[in-house]
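Report on one structure; see the data block that follows.
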Amino acid sequence: GENVEQHPSTLSVQEGDSAVIKCTYSDSASNYFPWYKQELGKRPQLIIDIRSNVGEKKDQRIAVTLNKTAKHFSLHITETQPEDSAVYFCAASTGANSKLTFGKGITLSVRP
Amino acid sequence: EAQVTQNPRYLITVTGKKLTVTCSQNMNHEYMSWYRQDPGLGLRQIYYSMNVEVTDKGDVPEGYKVSRKEKRNFPLILESPSPNQTSLYFCASSFLGLAGTYEQYFGPGTRLTVT
Chain A
4 GENVEQHPST LSVQEGDSAV IKCTYSDSAS NYFPWYKQEL GKRPQLIIDI RSNVGEKKDQ
64 RIAVTLNKTA KHFSLHITET QPEDSAVYFC AASTGANSKL TFGKGITLSV RP
Chain B
8 EAQVTQNPRY LITVTGKKLT VTCSQNMNHE YMSWYRQDPG LGLRQIYYSM NVEVTDKGDV
68 PEGYKVSRKE KRNFPLILES PSPNQTSLYF CASSFLGLAG TYEQYFGPGT RLTVT
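If you're matching them up, the sequences are chains A and B in order. Start counting the first sequence at 4; every next residue gets the next number (the working numbering). Start counting the second sequence at 8; every next residue gets the next number (the working numbering).
Below is the structure:
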């Protein structure tokens, strides 16, 4: 089955700096890659997603890039703000039946 | 308001006492899933359902049962709970969008403790 890995498990950046979170996946058939943000005590919420026929997608301060050859995808957050502090999960799916495999999550801390 | 609801939100129970966590969505979504979240392990899918009467195992199905008799409801059943099922449980629903993407709408979570 699919295996999704996120490294590192924690990331700390200064407010205003950029943050990059990387994930790798194992199943070359995966074609859908969402990113979820989970604030403390809250439910996960989708922040951006990408399909394998697209190499990059942007939405204001966040972007996701996909490298199918290397089987990794990354979340880029520019001009980080304290409210960006949260746990971020990447996931991958073959899209055939809505089965999503999540990474273990990375805790992002933005220092004021 | 479009939402996914779960009940109960908190539950403390004892080993072996059967319990059910309910999940309901009002968005007419075809897909529903159950996840458990444990520290350091992220979100792991327990079961998912592609439509009424269609369910399949996720990554950690042992010790759990589900049913999908109605489109809106997807209860999670623990026939004989054990302490290793102490966890935070999330139900989610989704639909396949035109772009081939599907956003998971998560419920508020159920924190289960089995003693």
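Positions of the beta carbon are idealized from the N, C-alpha and C atoms, including for glycine. Predicted model only: the values in this text are computed from it and were never measured.
Cutting at 8 Å between CB atoms, please list the residues of its own chain near residue i, excluding the five before and the five after it.
i: residue 14 of chain A; result: 22, 24, 109, 110, 111, 112
i: residue 41 of chain A; result: 47, 48, 89, 90, 91, 92, 108
i: residue 109 of chain B; result: 38, 101, 102, 103
i: residue 59 of chain A; result: 53, 66, 67, 68, 69
i: residue 62 of chain B; result: 54, 55, 56, 73, 74, 75
Per DSSP, residue i forms a beta bridge with which residues?
i: residue 121 of chain B; result: B/20
i: residue 84 of chain B; result: B/27, B/72
i: residue 110 of chain A; result: A/13, A/90
i: residue 8 of chain A; result: A/27
i: residue 134 of chain B; result: No answer is possible for residue 134 of chain B: it lies beyond the span of chain B, which begins at 8 and ends at 122.
i: residue 14 of chain B; result: B/29
i: residue 95 of chain B; result: B/44, B/118
i: residue 96 of chain A; result: A/35
Could you check if residue i is buried or exposed, using at least 16 other CB atoms within 10 Å of its CB as the buried criterion?
i: residue 39 of chain A; result: buried
i: residue 17 of chain B; result: exposed
i: residue 49 of chain B; result: buried
i: residue 43 of chain A; result: exposed
i: residue 87 of chain A; result: buried
i: residue 115 of chain A; result: exposed
i: residue 102 of chain A; result: buried
i: residue 21 of chain B; result: exposed
i: residue 15 of chain B; result: exposed
With a threshold of 6 Å on Cβ separation, who are the neighbours of residue i within its own chain once the five nearest residues in sequence on each side are excluded?
i: residue 19 of chain B; result: 120
i: residue 116 of chain B; result: 95, 97
i: residue 28 of chain A; result: 7, 74, 95
i: residue 30 of chain A; result: 5
i: residue 29 of chain B; result: 14, 82
Could you work out which residues of chain C lie near residue i, taking near to mean beta carbons separated by less than 8 Å?
i: residue 47 of chain A; result: Considering every chain present, this structure includes no chain C. Its protein chains are A and B.
The ligand PLP heavy atoms versus the CB of residue i: any closer than 6 Å?
i: residue 29 of chain B; result: As far as ligands go, the structure on display features none, and thus does not contain the ligand PLP.
**Request:** Could you tell me which uninterrupted beta strand (DSSP E) segments, each at least 3 residues in length, are contained entirely in the region 13 to 85 of chain A, listed from first to last along the chain?
**Result:** 13 to 17, 22 to 28, 35 to 41, 48 to 54, 59 to 62, 65 to 70, 75 to 80
**Request:** Tell me, please, whether the region 85 to 92 of chain B touches the region 108 to 121 of chain B by the rule of three or more beta-carbon pairs shorter than 8 Å.
**Result:** yes
**Asked** Three or more C-beta pairs closer than 8 Å, one from the region 98 to 116 of chain B and one from the region 62 to 74 of chain B: is that the case here?
**Response** no
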